[in-house]
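Trainee: I am attaching a structure below and will ask some questions about it afterwards.
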Amino acid sequence: MEKVCILGMGYIGMPTACMLANNGYEVIGVEIDSEI
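Numbering-wise (the numbering used here), the sequence shown opens with residue 6 and increments by one.
Written as C-alpha cells, this is what we have:
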C-alpha cells in the first residue's frame with residue numbers, strides 16, 4: 006500500500022485525501038490550525 010501525506014486539510018486537501026484513500030492509498034493528513 007502506498008503512503009501519502011497531505012499538508013493542509015482545507016477545501017482542497019480534504020477532498021484530495023478522501024479521493025486518495027478511496028483509491029487505496031494510506032493517507033496522513035496534517036493541519037496546522039487546531040480549530041479544524
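Glycine included, C-beta positions come from ideal geometry on N, C-alpha and C.
Measure the alpha-carbon distance for GLU7 versus GLU31 and round it to whole angstroms.
Mentor: Locating residue 7 in the sequence shown gives position 2, counting from the first residue. Locating residue 31 in the sequence shown gives position 26, counting from the first residue. The straight-line gap from Cα to Cα measures roughly 6 Å.
Trainee: What residue range is occupied by the uninterrupted beta strand (DSSP E) comprising GLY34?
Mentor: For the purposes of this step, residue 34 is identified with residue 29 of the sequence shown, where counting begins at 1. First-last of the beta strand (DSSP E) with GLY34: 31-35.
Trainee: Using a Cβ-Cβ cut-off of 7 Å (strictly less than) and excluding sequence neighbours within five positions of THR21, which residues of its own chain qualify?
Mentor: Residue numbering aside, residue 21 sits at position 16 when the sequence shown is read from its first letter. Correct list, in chain order: ILE11.
Trainee: Find out if the Cβ-Cβ distance for the pair GLU40, MET14 is shorter than 8 Å.
Mentor: The residue labelled residue 40 in the question sits at position 35 within the sequence shown. The residue labelled residue 14 in the question sits at position 9 within the sequence shown. Not in contact: GLU40 and MET14 (Cβ atoms no closer than 8 Å).
Trainee: Since CYS2 sits in a beta bridge, which residues does DSSP pair it with?
Mentor: With the chain running from 6 to 41 in the structure shown, residue 2 is simply not present.
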